[in-house]
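This report refers to the structure that appears directly beneath it.
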Amino acid sequence: MNCLSYQLGNQKSIRKEGHHFQSKLMLFKTANLMSAAAGRYGVSASSIFRKDLGALFLKLMGGILVYSEDTSNLLIKHHMWDHPPLLEKK
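For the record, in the sequence shown the residue sitting at position 39 is 39 according to full-length UniProt numbering, with numbers rising by one throughout.
See below:
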């Protein structure tokens, strides 16, 4: 079993044993949010009339897509690309 330790302010640290289900779930949710953010920037860039703002949106979208690529590589590394993380059956 893996052991995680959390520090809660001035309180004692809490030790939790178990799998890293929560970190994998947060990674999956982050990937979903990044794809939604890239889509919003794409819609904004296509509907804006000012060319300078459109270029700025495309630049921001490029940065988000680079971050999203790193997140996707982590999902592939943890074998979670096709489906969200599931609880283990006991």
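Just so you know, even glycine gets a beta-carbon here, dropped at the ideal spot from N, CA and C.
Hey, which unbroken runs of the alpha helix (DSSP H) at 4 residues or more fall wholly within the stretch 51-86? 51-77
Just the Cα atoms here: how many angstroms apart are Lys89 and Leu58? The residue given as residue 89 occupies position 89 in the sequence shown. The residue given as residue 58 occupies position 58 in the sequence shown. Distance between the alpha carbons of Lys89 and Leu58 is about 44 angstroms.
Whole-Å CB distance - Thr71 paired with Ala36, under 8 angstroms assumed: Sequence index remark: in the sequence shown, residue 71 carries index 71 (1-based). Sequence index remark: in the sequence shown, residue 36 carries index 36 (1-based). Rounded, the Cβ-Cβ distance is 13 angstroms, inconsistent with contact.
Please classify Ile14: is it buried, with 16 or more other beta-carbons within 10 angstroms of its beta-carbon, or exposed? As a working note, residue 14 is residue 14 in the sequence shown. Caution is warranted here: a pLDDT of 45 is assigned to Ile14, below 50, making its placement in the model unreliable, and no coordinate value can be reported.
Classification of Ser68 by the beta-carbon crowding that lies within 10 angstroms, buried from 16 upward: As a position in the sequence shown, residue 68 is number 68, starting the count at 1. Buried.
For Met26, count neighbouring Cβ atoms within 10 angstroms of its own Cβ and tell me buried if that reaches 16, exposed if not. One-based indexing of the sequence shown puts residue 26 at position 26. The residue is exposed, with fewer than 16 neighbouring Cβ atoms inside 10 Å.
On the criterion of 16 or more Cβ atoms from any shown chain inside 10 Å, does Phe49 qualify as buried, or is it exposed? For the purposes of this step, residue 49 is taken as residue 49 along the sequence shown, with counting starting at 1. With fewer than 16 Cβ atoms within 10 Å of its Cβ, Phe49 is classed as exposed.
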